[in-house]
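This report concerns only the one structure given below.
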Amino acid sequence: MLLILVYNKAKGIPYKLIFLRRVWNGVYPGQDPIADAVFLYPQEVSKYLRGYYKLTIEEASCFAALILKCKFGNQWNRPEITQVFEELLPHHMIDDLFPEVWRQYIIMNCRKITLNSEVEIRKMFLLTMQKNERFGSAYFRVGQRQFLESPNVVNVGINYKGIHLINPKTKDTIRMFPIENILSHYKEEKSYTFQFQSKLEKLDTITLHTTQVMNEFERMNSLFKESSYNTITSGPLTLLVISR
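Be aware that the sequence shown starts at 12, since it is given in the working numbering, and climbs by one per residue.
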């Protein structure tokens, strides 16, 4: 839920306090234009720019065109587009093409977008991004010891669908642990552990070690089901969160 409190001081100077949540559940882009504008859209654009998604050149240029039109409206066809790539493209993709080539791709996609309203453009961006299974995730950087063929340091994304282990270079999902398979979770002094059913009669464990994100995991409790289980075999999976 998005909560905005407005307070007027004696001098009549207002301010807004906006409470954001890290993991989204029951979110429907376009249902609440205010939530889209001050909550959903800014957070998802930030994750897109930070490079958490695996995108093609065409997909990135489409998202860049939507951001550009949302930002500048009818004045989107600007000569300085190449100077604001950091606000339009994922950081790891900027050098994939020459600046002028990126500019041509973005302009071409801007001309394809018939929407002019900021509300509709934000909605289109969110609905398109929502097709990705990691949409709405909270992301953390972790060290992993389970998958020897994968990097030692990976990203982990947690959303209403489950826990996603992500290769930070290729952006591929190494493994996804569905939310319905999570049987229990518990907190220790410097770690948070999830136990889940990976295969028939097999229990696996994910342990995230950190003090930095403990409060965030506390807020995720409502997403995870708790139920009784009988341990036949145990296969531990340990993830060590690296503080930034």
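Every residue gets a Cβ at the ideal spot worked out from N, C-alpha and C, and that includes glycine.
Predicted, not measured: the structure shown is a model, and the values here were computed from it.
| request: Answer with buried or exposed for Gln-206, where buried requires no fewer than 16 other C-beta atoms within 10 angstroms of its C-beta. | output: Walking along the sequence shown from the start, residue 206 turns up at place 195. Buried is the call here.
| request: Measure the alpha-carbon distance for Asn-163 versus Ile-92 and round it to whole angstroms. | output: Within the sequence shown, numbered from 1, the residue matching residue 163 stands at position 152. Within the sequence shown, numbered from 1, the residue matching residue 92 stands at position 81. Looking at the two C-alpha atoms, the distance is approximately 37 Å.
| query | Is the Cβ-Cβ distance between Asn-166 and Arg-152 less than 8 Å? | reply | For the purposes of this step, residue 166 is taken as residue 155 along the sequence shown, with counting starting at 1. For the purposes of this step, residue 152 is taken as residue 141 along the sequence shown, with counting starting at 1. For Asn-166 and Arg-152, yes; Cβs fall inside 8 Å.
| field | Pairwise C-alpha distance: Leu-77 and Thr-125 | value | For the purposes of this step, residue 125 is identified with residue 114 of the sequence shown, where counting begins at 1. For the purposes of this step, residue 77 is identified with residue 66 of the sequence shown, where counting begins at 1. Going from the Cα of Thr-125 to the Cα of Leu-77 covers about 11 Å.
| request: Sort Tyr-63, Asn-88, Glu-131, Phe-158 by Cα distance to Ile-117 and report the nearest one. | output: Locating residue 117 in the sequence shown gives position 106, where the first residue counts as 1. Checking every option, the nearest Cα to that of Ile-117 belongs to Asn-88.
| Own chain, CB closer than 6 Å to Gly-62, minus 5 neighbours either side, in chain order | Here residue 62 corresponds to residue number 51 of the sequence shown, with the count starting at 1. Counting only Cβ-Cβ distances below 6 Å, and skipping sequence neighbours, we find Pro-101, His-102, His-103.
| request: Have a look at Ile-174, Leu-159, Ile-132, Met-119 and flag the residue whose alpha-carbon is nearest the alpha-carbon of Arg-145. | output: The residue labelled residue 145 in the question sits at position 134 within the sequence shown. Comparing Cα positions, the closest option is Ile-174.
| Which partner residues does Ala-71 have in the DSSP bridge list? | Translated into positions along the sequence shown, residue 71 becomes position 60. The partner list for Ala-71 (beta bridge, DSSP) is empty, contrary to what the question assumes.
| task | Apply the 10 Å Cβ neighbour rule to Val-17 and answer buried if 16 or more other Cβ atoms are within range, or exposed otherwise. | result | Numbered from 1 along the sequence shown, position 6 holds the residue referred to as residue 17. With a pLDDT of 46 at Val-17, under the threshold of 50, the modelled position of this residue cannot be trusted, and the question is left open.
| query | Using CA coordinates, which residue listed in Lys-198, Leu-194, Glu-199, Thr-204 is at the minimum distance from Lys-213? | reply | As a working note, residue 213 is residue 202 in the sequence shown. When each option's Cα is compared against that of Lys-213, the closest is Leu-194.
| request: Label Tyr-197 either buried or exposed according to how many other C-beta atoms from any shown protein chain fall within 10 Å of its C-beta, with 16 as the threshold for buried. | output: As a first step, residue 197 is located in the sequence shown; it is residue number 186 there, counting from the start. Exposed, by the Cβ-count rule.
| request: Report yes or no: do three or more beta-carbon pairs, one from the region 47 to 55 and one from the region 126 to 137, lie closer than 8 Å? | output: Segments in contact, yes.
| query | Using DSSP with H/G/I as helix, E/B as strand and the rest coil, what is Glu-199? | reply | Here residue 199 refers to the residue found at position 188 of the sequence shown. In this structure, Glu-199 counts as strand in the three-state DSSP scheme.
| query | Can you pull the DSSP bridge partners for Asn-166? | reply | The residue given as residue 166 occupies position 155 in the sequence shown. Asn-166 has Arg-152, Ile-177 as its beta-bridge partners, per DSSP.
| task | Name the one or two DSSP bridge partners that Ile-193 has. | result | The residue you call residue 193 lines up with position 182 of the sequence shown. For Ile-193, which the question treats as bridged, DSSP gives the partners Phe-207.
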